[in-house]
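S.K.:
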Amino acid sequence: KQEVTQIPAALSVPEGENLVLNCSFTDSAIYNLQWFRQDPGKGLTSLLLIQSSQREQTSGRLNASLDKSSGRSTLYIAASQPGDSATYLCAVWRTYKYIFGTGTRLKVLA
Amino acid sequence: GAGVSQSPSNKVTEKGKDVELRCDPISGHTALYWYRQSLGQGLEFLIYFQGNSAPDKSGLPSDRFSAERTGGSVSTLTIQRTQQEDSAVYLCASSLLVFNEQFFGPGTRLTVL
């Protein structure tokens, strides 16, 4: 059974810091991995999608990597800003379903 | 439309009643997904459609839940004989193809009294 875990569960950092969020999954037979952010009381916004054949994806200050063999993905946020404060979720697509991680609640202090 | 829309945004119902939740995906998106998020819980995948067909329905919590999609566009999630544990935010997403980036709607907050 696929399990997706995110560490840390919560993170509080000062503005400007570079930070790394971690996502680990137990079954490496995935089709893709997607990172999302969720703002309180709102829906999800897709950040980056990494196909199983890819190693990383970049968008602006965000970089996500994927290592299927070790069952890990990291989301790197450069020069964090207060507007980055949100819950970050990773999800893996495994046959017929997306399985979401437990989330990392990020707070960037001004 | 520009994005995924869901209706109603809020639904309060009495235990035992049936409810229908609607999702309008982004035009041209062939894949559509339903999730739910209970208070303080993570996201739970319910079902997805490729076109009008759902390859796997095992994610639906019970046989009181059903979903359909017609014309490759609008989808409805129906919950029969609602129970208090059905209270949650129900999210819908769509993507151009099944393994592509998903775009989420704002969700329907369901409260069962």
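These protein sequence lines map, in sequence, to chains A and B.
Once you know that position 6 of the first sequence is 6 in the numbering used here, the rest is easy, because the numbers rise by one and skip nothing.
Once you know that position 45 of the second sequence is 45 in the numbering used here, the rest is easy, because the numbers rise by one and skip nothing.
Even glycine gets a Cβ: it sits at the ideal position worked out from N, Cα and C.
Against chain B, which members of the stretch 90-101 of chain A pass a CB distance test of less than 9 angstroms?
M.R.: Residues Ala91, Trp93, Thr95, Tyr96, Lys97, Tyr98, Ile99, Phe100, Gly101.
S.K.: What number of angstroms, rounded off, separates the C-alpha of B/Pro55 from the C-alpha of B/Thr30?
M.R.: One C-alpha to the other measures close to 13 angstroms.
S.K.: Considering only DSSP beta bridges, list what A/Ala10 is partnered with.
M.R.: Partner(s): A/Arg105.
S.K.: Take B/Pro25 and list the residues in its own chain whose beta-carbon comes closer than 7 angstroms to its own, dropping the five residues that flank it on each side.
M.R.: Closer than 7 angstroms at the Cβ level, and outside the excluded window around B/Pro25, lie Val4, Leu32, Ser73, Ser94.
S.K.: With a cut-off of 7 angstroms, does the C-beta of A/Leu33 fall near any C-beta of chain B?
M.R.: Not an interface residue.
S.K.: Closer than 7 angstroms, CB to CB, is B/Phe104 near chain A or not?
M.R.: Closer than 7 angstroms to some Cβ of chain A, the Cβ of B/Phe104 qualifies, so yes.
S.K.: Report the CB separation of B/Thr76 from B/Lys11 in whole angstroms; it is logged as a contact under 8 angstroms.
M.R.: The pair is not a contact, with the Cβ atoms about 13 angstroms apart (cut-off 8 angstroms).
S.K.: When you compare the CB of A/Ser46 with every CB in chain B, is at least one pair closer than 7 angstroms?
M.R.: Yes, because at least one Cβ of chain B sits closer than 7 angstroms to the Cβ of A/Ser46.
S.K.: Could you tell me which residues DSSP pairs with A/Asp67 in its beta bridges?
M.R.: DSSP, once it has assigned bridges, lists A/Arg72 as partnering A/Asp67.
S.K.: Could you check the C-alpha separation between B/Leu39 and B/Gly71 for me, to the nearest Å?
M.R.: B/Leu39 and B/Gly71: Cα-Cα distance of roughly 33 angstroms.
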